[in-house]
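*Asks:*
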Amino acid sequence: MANHPAAKRFIVAITLGAASGLLCIFLAAQGQPQLASFSHPIAWAIFTDRILIGMVVAFAGAYTVHPILGFAYRPWLRGSCMGAVVSLPIAAGALGGPTPESMSAWTIFTATVLVGTLYGAVIDVIATKIGGEGASLLPS
Numbered sequence: 004m005a006n007h008p009a010a011k012r013f014i015v016a017i018t019l020g021a022a023s024g025l026l027c028i029f030l031a032a033q034g035q036p037q038l039a040s041f042s043h044p045i046a047w048a049i050f051t052d053r054i055l056i057g058m059v060v061a062f063a064g065a066y067t068v069h070p071i072l073g074f075a076y077r078p079w080l081r082g083s084c085m086g087a088v089v090s091l092p093i094a095a096g097a098l099g100g101p102t103p104e105s106m107s108a109w110t111i112f113t114a115t116v117l118v119g120t121l122y123g124a125v126i127d128v129i130a131t132k133i134g135g136e137g138a139s140l141l142p143s
């Protein structure tokens with residue numbers, strides 16, 4: 004089962020999503036040290052959001068053509084779009100939650116979406132290189 008391209012893609016994407024979640028927590032903890040612990044709910048929200056980016060990117064790999072607009076969906080573009088969309092809920096939460104004195108809520112919102120976009124692109128490019136994309140992911 005792990006030799007199937009879809010399984011490879013899924014394992015790579017989830018692993019990279021988890022790694023990006025840990026990196027995000029580390030970076031967020033630079034401004035708010037209390038986030039460095041998994042006992043903080045925001046740390047869990049960040050971690051699970053980045054894993055979700057990996058999962059969505061893994062599933063979206065079956066599409067090589069945009070399903071509505073019909074253009075070729077390159078991995079960096081597909082991953083960027085998925086990363087941005089998945090990051091929106093956690094970024095919107097930053098608008099209503101407590102923020103450090105050094106950053107505004109809009110700065111955190113923008114940074115969260117931009118970093119999610121970057122993570123999505125990187126995850127999709129690597130997952131595509133290792134696990135493939137398109138029809139090779141679908142059951143035969």
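Numbering (the working numbering), first residue to last: 4 to 143.
From the three backbone atoms N, C-alpha and C, an ideal C-beta is built for every residue, glycine too.
Assign Val-116 to buried or exposed, taking buried as 16 or more other Cβ atoms, counted over all protein chains shown, within 10 Å of its Cβ.
*Replies:* Here residue 116 refers to the residue found at position 113 when the sequence shown is read from its first residue. Under this definition Val-116 is a buried residue.
*Asks:* Would you mind reading off the limits of the alpha helix (DSSP H) that contains Pro-142?
*Replies:* For the purposes of this step, residue 142 is taken as the residue at position 139 of the sequence shown. First-last for Pro-142: undefined, no H or E at that position.
*Asks:* Give me the residue from His-43, Val-15, Ala-16, Ile-14 with the minimum Cα distance to Ile-28.
*Replies:* Against the sequence shown, residue 28 aligns to sequence position 25. Nearest of His-43, Val-15, Ala-16, Ile-14 to Ile-28, Cα basis: His-43.
*Asks:* Whole angstroms is fine: what's the gap from Ala-21's alpha carbon to Thr-51's?
*Replies:* Taking the sequence shown and counting its residues from 1, the one referred to as residue 21 is at position 18. Taking the sequence shown and counting its residues from 1, the one referred to as residue 51 is at position 48. Cα to Cα, Ala-21 sits roughly 8 angstroms from Thr-51.
*Asks:* Specify, as a first and last residue, the run of the alpha helix (DSSP H) that Ala-10 falls within.
*Replies:* Here residue 10 is taken as the residue at index 7 of the sequence shown, counted from 1. First-last of the alpha helix (DSSP H) with Ala-10: 8 to 34.
*Asks:* Figure out for me which residue from Ser-40, Leu-30, Phe-62, Gln-35 has the closest Cα to the Cα of Ile-126.
*Replies:* In the sequence shown, counting from the first residue as 1, residue 126 sits at position 123. For Ile-126, the closest C-alpha among the options Ser-40, Leu-30, Phe-62, Gln-35 is that of Phe-62.
*Asks:* Since Leu-80 is in the alpha helix (DSSP H), which residue starts that stretch and which ends it?
*Replies:* The sequence position of residue 80 within the sequence shown is 77, counting from 1. Where Leu-80 is concerned, the enclosing alpha helix (DSSP H) starts and stops at 78 to 99.
*Asks:* Below 8 angstroms on the Cβ atoms is my guess for Tyr-122 versus Arg-77; work out the distance and round it to an integer in Å.
*Replies:* Working through the sequence shown from its first residue, we reach residue 122 at position 119. Working through the sequence shown from its first residue, we reach residue 77 at position 74. Contact flag wrong, Cβ pair sits at about 17 angstroms.
*Asks:* What residues match up with Val-68 in a beta bridge as DSSP calls it?
*Replies:* Indexing the sequence shown from 1 puts residue 68 at position 65. Its beta-bridge partners are Ala-75.
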